[in-house]
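Working notes for the structure below.
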């Protein structure tokens, strides 16, 4: 008889609102595969008698015939069951959160700390992703130090003189915060930067969330021209899906909120070569579900002119970019299947 997996899925309520949501599709796939699946939000953990508990929710139905029905249950508290469950009772734990405020960041980091302890105490739990790896890869420092070979020329510093020297080396640079999310605070620096160099550097060094005047380090990255695309990876090397980003003339960022549009994309040989470069490290660190943003020319692409802009390890998204419903469902089913395989490997 097949094992009935008990699965905990950590996510935000805002990510459970429609049938194209990555989180909804993953949850529905888990239910369809027979998992006893429970949802918890980052703020809904507590410790009692030295044991970690989650205040969870799940639809009050053994099975649901469609993902649309599943969404309707999620939206209506009358159709949901609330429970307080010791976290060590779960076989599989998905951690899929992205903070949008300082308060959310504190809650999310607390959850990662909880999960790091659970990993130490209960090595048989399958984590997607490994909480230690999420902690390391939650900032772009991981990208620069661990994946540096496949990135554009990249610098992290808060020294003004060093910044000036770096900017003089090239014609165009991309500046972005170390802990930035969703394309926030990314600035393109072109040949006209010299006119306002002092003010620009002060802007980049300013930490809007800090109560002190201590400058923040930020990233300067050589600007690469070409087609930008996202590759969704499972266990480092399995390319689950992909799409390309058509950047708006008014904003250089590849986010739909900034005017970017998404289209189908078929990965090329250079994409697979880049993935093969980073796969062993992702597997070693337990970064099982990730996405990489890649940029480079559409023809005559090489490892010299095609680079990974960044790794998305905390909660990579693809619901807006991949429009084929069957493809999205297939991806989610494979993700849940992999989590089962990971559990079996650990036990």
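In the numbering used here, the protein residues as written are 441 to 787. Backbone N, C-alpha and C fix where the C-beta goes; we use that ideal spot for every residue, glycine too.
Anyone know if the C-beta pair for residue i and residue j falls short of 9 Å?
{"i": "residue 661", "j": "residue 751", "result": "no"}
{"i": "residue 451", "j": "residue 754", "result": "no"}
{"i": "residue 527", "j": "residue 554", "result": "yes"}
{"i": "residue 494", "j": "residue 480", "result": "yes"}
{"i": "residue 663", "j": "residue 702", "result": "no"}
{"i": "residue 445", "j": "residue 531", "result": "yes"}
{"i": "residue 801", "j": "residue 469", "result": "This structure leaves residue 801 out entirely; the chain is present only between 441 and 787."}
{"i": "residue 733", "j": "residue 573", "result": "no"}
{"i": "residue 478", "j": "residue 497", "result": "yes"}
{"i": "residue 704", "j": "residue 679", "result": "no"}
{"i": "residue 499", "j": "residue 471", "result": "yes"}
{"i": "residue 641", "j": "residue 626", "result": "no"}
{"i": "residue 421", "j": "residue 581", "result": "As shown, the chain starts at 441 and ends at 787. That puts residue 421 outside it, with no answer to give."}
{"i": "residue 533", "j": "residue 674", "result": "no"}
{"i": "residue 507", "j": "residue 459", "result": "yes"}
Between which two residues does the beta strand (DSSP E) harbouring residue i extend?
{"i": "residue 752", "result": "747-752"}
{"i": "residue 661", "result": "658-662"}
{"i": "residue 685", "result": "678-686"}
{"i": "residue 447", "result": "446-450"}
{"i": "residue 534", "result": "532-535"}
{"i": "residue 609", "result": "Careful: residue 609 lies outside any beta strand (DSSP E) and carries neither H nor E."}
{"i": "residue 497", "result": "491-499"}
{"i": "residue 731", "result": "729-736"}
{"i": "residue 669", "result": "667-674"}
{"i": "residue 628", "result": "627-629"}
My understanding is that residue i touches residue j, with C-beta atoms under 8 Å, so please give their C-beta distance in whole angstroms.
{"i": "residue 402", "j": "residue 681", "result": "This structure cannot speak to residue 402, because the chain is shown only from 441 to 787."}
{"i": "residue 672", "j": "residue 756", "result": "6 Å"}
{"i": "residue 604", "j": "residue 637", "result": "7 Å"}
{"i": "residue 594", "j": "residue 584", "result": "5 Å"}
{"i": "residue 587", "j": "residue 747", "result": "That belief does not hold up - the Cβ atoms of residue 587 and residue 747 are roughly 10 Å apart, past 8 Å."}
{"i": "residue 606", "j": "residue 575", "result": "Going by Cβ atoms, the distance from residue 606 to residue 575 rounds to 28 Å, so no, they are not a contact pair."}
{"i": "residue 737", "j": "residue 666", "result": "5 Å"}
{"i": "residue 718", "j": "residue 700", "result": "About 24 Å; that fails the 8 Å criterion."}
For residue i, does the count of other Cβ atoms within 10 angstroms reach 16, so buried, or fall short, so exposed?
{"i": "residue 456", "result": "buried"}
{"i": "residue 465", "result": "buried"}
{"i": "residue 443", "result": "exposed"}
{"i": "residue 434", "result": "Not covered by the structure: residue 434. The range shown for the chain is 441 to 787."}
{"i": "residue 566", "result": "buried"}
{"i": "residue 658", "result": "buried"}
{"i": "residue 697", "result": "Reliability of the predicted coordinates at residue 697 is poor, the pLDDT of 49 falling under 50, and the value obtained from them is presented with this limitation in mind. The residue in question, residue 697, is exposed, as its Cβ has fewer than 16 Cβ neighbours within 10 Å."}
{"i": "residue 486", "result": "exposed"}
{"i": "residue 780", "result": "buried"}
{"i": "residue 684", "result": "buried"}
{"i": "residue 742", "result": "exposed"}
{"i": "residue 535", "result": "buried"}
{"i": "residue 503", "result": "exposed"}
{"i": "residue 561", "result": "exposed"}
{"i": "residue 785", "result": "exposed"}
{"i": "residue 648", "result": "Only weak support exists for where residue 648 lies, its pLDDT of 49 falling under 50; the value from the coordinates is given anyway. So residue 648 ends up on the exposed side."}
{"i": "residue 669", "result": "buried"}
{"i": "residue 463", "result": "buried"}
{"i": "residue 546", "result": "exposed"}
{"i": "residue 739", "result": "exposed"}
{"i": "residue 453", "result": "exposed"}
{"i": "residue 720", "result": "exposed"}
{"i": "residue 571", "result": "buried"}
{"i": "residue 461", "result": "buried"}
{"i": "residue 694", "result": "With a pLDDT of only 46 at residue 694, under the threshold of 50, the placement of this residue in the model should not be trusted; the figure read from the coordinates follows. By the 10 Å Cβ count, residue 694 comes out buried."}
{"i": "residue 563", "result": "exposed"}
Should residue i be flagged as near chain C, meaning a C-beta pair shorter than 9 Å?
{"i": "residue 720", "result": "Absent from the structure is chain C; it holds one protein chain and no more."}
Could you spell out the range, first to last residue, of the alpha helix (DSSP H) harbouring residue i?
{"i": "residue 473", "result": "No alpha helix (DSSP H) holds residue 473; DSSP gives it neither H nor E."}
{"i": "residue 522", "result": "Counting along the chain, residue 522 falls outside any alpha helix (DSSP H), though it belongs to the beta strand (DSSP E) covering 520-526."}
{"i": "residue 715", "result": "709-725"}
{"i": "residue 788", "result": "Absent from the structure is residue 788, since the part of the chain shown begins at 441 and ends at 787."}
{"i": "residue 512", "result": "507-515"}
Say yes only if the C-beta of residue i is nearer than 8 Å to one or more non-hydrogen atoms of the ligand HEM, and no if none qualify.
{"i": "residue 456", "result": "This structure lacks the ligand HEM; in fact it carries no ligand of any kind."}
Do the stretch 516-524 and the stretch 726-733 make contact, defined as three or more Cβ pairs closer than 8 Å? Contact check between the stretch 516-524 and the stretch 726-733: fewer than three CB pairs, one atom from each, fall below 8 Å, which does not count as touching.
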